[in-house]
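Numbering (full-length UniProt numbering), first residue to last: 1 to 367. Quick reminder that beta carbons are idealized off the backbone N, C-alpha and C, glycines included.
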């Protein structure tokens, strides 16, 4: 039996502060295959900056980067742009390139088989306390499929069209404990006891071992949204984090409220539909039982949140999120290139070119 690691103290955090963790793929600059240069890139980055840090994962073709806790869209976007510029320079100095996206489109052999779950993004939103992190997380979990759809950028898996906008999330759905946090959990103590039961079966040693799409994060005193593909450009990552932040702040201003219990009934469908169809999918409101297009729900959310936001730069984030709703979003952009005659590795090259650009190039398809 795996030994129980007692839960750490739920850290204090600034409510509404944001952290982003990103996994970026490291590519050979000539072939655009995955390339094990992440340790060399991290070394050249010097370890840590005031606003972000870079460390390689166990997979040497994955560069794992995280911001510090920041307030507002402008601060987050600036930190990610600084990160992008420095990472690009460091990668070029070792003959590598870096790209966003939820999966490498080929990844068929050798080291490319090692990264089973693709490349993701985590967002941590500071919570007022442990019990509130559980309550706010329950609300955010309902809308996690919207973020899966908006971030979807992995339509190709092992060189084939997967039939999903986020093949990465389709694979991740098979992991033990993935999906919605059990609705019976209504406090931090409930979560601790639930994890303790998993430990009895040898399935976990800590809260972070549970792969819920949204979970409390005791180490950062936050609500953590875990289900996103790594976006093709860091600017989209900042915008999506701000959307999540505004939803959390809105819920925090409604103390004592909980989502309806039937949310767990429709969540698997909402998640699968977002994974399969991306921003062209639909979402069922578990409370009203009505089905809406994902684009309709997101745009209504943004209009409502913009009217009450205390972040003067949130409208700029809304513009970027609206871009993701056009023409099938990031997954649609990639599949359109394949339809126009691109080869799978061309998609990795195009993703790298988008990452390299300081200005978002839009969704123009190369002919």
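Beta-carbon gap between residue 210 and residue 177 smaller than 8 Å: yes
Selection from 221, 234, 241 that minimises the alpha carbon distance to residue 9: 221
Three-state secondary structure (DSSP) of residue 93: helix
Per DSSP, the bridge partner or partners of residue 257: None, per the DSSP bridge assignment.
Residue from 75, 358, 25, 20 with nearest C-alpha to residue 103: 25
Residue 289 - DSSP class collapsed to helix/strand/coil: coil
Beta-bridge partners of residue 160, as assigned by DSSP: 157
Residue 235 burial status per 10 Å Cβ neighbour count (16 or more: buried): buried
Reduced DSSP category for residue 61 - H, G, I as helix; E, B as strand; rest coil: coil
Beta-carbon proximity check, residue 67 vs residue 80, cutoff 8 Å: yes
Close Cβ partners of residue 278 (< 6 Å) along its chain, the five nearest in sequence each way excluded: 149, 152, 165, 329, 331
Environment of residue 233 [buried if 16+ CB atoms lie within 10 Å]: buried
Cα-Cα separation, residue 83 to residue 289: 42 Å
Endpoints, the alpha helix (DSSP H) within which residue 200 is located: 188-200
Simplified DSSP state of residue 223, which is helix, strand or coil: strand
Inter-residue Cα distance where the pair is residue 100 and residue 154: 10 Å
Rounded separation between residue 346 and residue 32 - CA only: 8 Å
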